[in-house]
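Residue numbers (my numbering): 50 to 347.
Have a look at the structure below, then the notes.
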């Protein structure tokens with residue numbers, strides 16, 4: 050029997066209680082999560098299990114919902130500090146998303162220096178989208194050159210949210226921000242499009258790690274921010290299996306919905322069906338009974 054994929058949930062009470070999350074505690078959460086995920090005692094060894102020192106690592110964040118529901122800069126920067134502890138030079142890391150405007154609105158300082166950590170959007174000068182359409186199954190898109198040319202390894206650092214069409218948006222759907230036409234792929238609850246996009250070689254060959262930002266979870270009325278339906282879960286979710294990680298995120302959303310007396314996503318007719326499609330395509334595991342979940346508090 051194949052080994053169960055491991056998903057690690059690390060929570061820290063009060064980490065997101067202020068106006069900004071506490072950077073030192075976020076770093077401690079990331080170190081704990083990666084060490085548990087990779088069965089290592091030190092962050093250097095954990096990072097080395099996922100990346101090589103020569104990798105150029107892209108951290109794909111999500112800033113589409115504005116400053117109140119985007120990957121916080123403190124989290125993304127804490128992740129780069131841990132990767133640096135693991136031997137990845139800062140100059141080999143890029144924090145990125147679709148546009149410079151969205152990055153700035155979410156509080157990110159744009160940085161393009163070759164010798165430092167880089168932070169910029171696909172619409173930056175020298176980046177942009179590939180000129181040739183990439184066709185694969187039902188996908189026909191131009192990919193961001195940040196993904197195709199700038200990086201050799203990718204982390205999906207995604208906000209965990211309910212989605213009115215897809216059911217949930219998490220690590221896999223975060224790659225919709227890596228193509229020029231994500232609006233084309235929202236029919237039929239984004240199924241099979243999320244799964245097929247993640248199967249596309251530009252994504253599949255580079256994706257190494259999913260980290261779900263569950264500090265503040267939008268469990269209803271997503272993907273935009275609605276404070277009445279957002280919960281301070283104060284957690285981060287780590288996984289090497291993108292399907293298993295998103296499945297665990299889905300179950301957290303369902304639990305938060307049930308606590309508020311809301312119907313399940315299936316009862317509302319929008320379960321994240323693309324997770325089953327992803328499993329059928331060999332991208333990972335979507336059966337909660339076949340996922341090893343480790344929970345820790347720091």
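All C-beta atoms in this analysis are idealised placements derived from N, C-alpha and C, irrespective of residue type, glycine included.
Residue i, DSSP secondary structure in three states
i, result
"residue 170", "strand"
"residue 238", "helix"
"residue 226", "helix"
"residue 120", "coil"
"residue 91", "coil"
"residue 53", "coil"
"residue 98", "helix"
"residue 211", "strand"
"residue 106", "strand"
When the options are compared against residue i, the one with the closest alpha-carbon
i, options, result
"residue 53", "133, 231 and 290", "290"
"residue 245", "104, 338, 62 and 332", "332"
"residue 59", "72, 80 and 51", "80"
"residue 338", "296, 115, 185 and 175", "296"
"residue 304", "251, 211 and 134", "211"
"residue 165", "262, 130 and 300", "130"
"residue 229", "216, 189, 127 and 267", "189"
"residue 347", "72, 77 and 55", "77"
"residue 84", "97, 74, 72 and 209", "97"
"residue 150", "184, 115, 163 and 175", "115"
"residue 261", "334, 306, 301 and 336", "301"
"residue 240", "217, 162, 256 and 257", "217"
"residue 176", "266, 198 and 248", "198"
"residue 94", "103, 72 and 134", "134"
"residue 208", "255, 238 and 155", "155"
"residue 172", "195, 307 and 319", "195"
"residue 103", "238, 139, 148 and 307", "139"
"residue 309", "340, 277 and 82", "277"
"residue 319", "237, 334 and 340", "237"
Chain-order list of residues whose beta-carbon lies under 6 Å from that of residue i (same chain, five-residue window excluded)
i, result
"residue 235", "214"
"residue 243", "221, 222 and 323"
"residue 186", "245"
"residue 152", "112, 146 and 170"
"residue 259", "205, 220, 288, 291 and 294"
"residue 168", "144, 157, 159 and 160"
"residue 279", "265 and 267"
"residue 257", "99 and 202"
Same chain, Cβ closer than 7 Å to residue i, neighbours up to 5 away in sequence not counted
i, result
"residue 106", "100, 132, 137, 141, 142, 200, 202 and 204"
"residue 125", "108, 110, 144 and 206"
"residue 192", "178, 179, 183, 227, 228 and 251"
"residue 75", "64, 123, 124 and 127"
"residue 248", "330 and 332"
Close-in-space but distant-in-sequence residues of the same chain around residue i (CB under 8 Å, 5 per side omitted)
i, result
"residue 264", "64, 65, 70, 121, 124, 281, 282, 283, 284 and 285"
"residue 174", "none"
"residue 349", "Shown here, the chain extends from 50 to 347; a query on residue 349 therefore has no answer."
- Could you tell me whether the segment 214-230 touches the segment 314-334, using the rule of 3 or more Cβ pairs below 8 Å? Flag = yes, the segment 214-230 and the segment 314-334 touch.
- Task: Specify whether the segment 271-282 and the segment 173-184 touch according to this definition: at least 3 beta carbon pairs, one from each stretch, less than 8 Å apart.
- Result: Segments in contact, no.
- Query: Do three or more CB pairs link the segment 106-115 to the segment 302-314 at distances below 8 Å?
  - Reply: For the pair of segments examined, the segment 106-115 was found not to touch the segment 302-314: the number of CB pairs separated by less than 8 Å stays below three.
- Message: In chain order, what are the residue ranges of uninterrupted beta strand (DSSP E) at least 3 long that sit wholly in the segment 130-207?
- Response: Entirely contained in the segment 130-207, the beta strand (DSSP E) runs reaching 3 residues are, in chain order, 142-146, 167-170, 183-185 and 188-190.
- Message: Check whether the segment 86-104 and the segment 61-69 are in contact - that is, three or more C-beta pairs closer than 8 Å.
- Response: As far as the Cβ criterion goes, the segment 86-104 does not touch the segment 61-69, which means the pair count is below three.
- Query: Can you list the beta strand (DSSP E) stretches of 3 or more residues lying completely in the segment 261-342, in chain order?
  - Reply: You should have 284-288.
- Entirely within the segment 53-85 and at least 3 residues each: give me those beta strand (DSSP E) ranges in chain order. Those beta strand (DSSP E) runs which fall completely within the segment 53-85 and span 3+ residues are 55-60.
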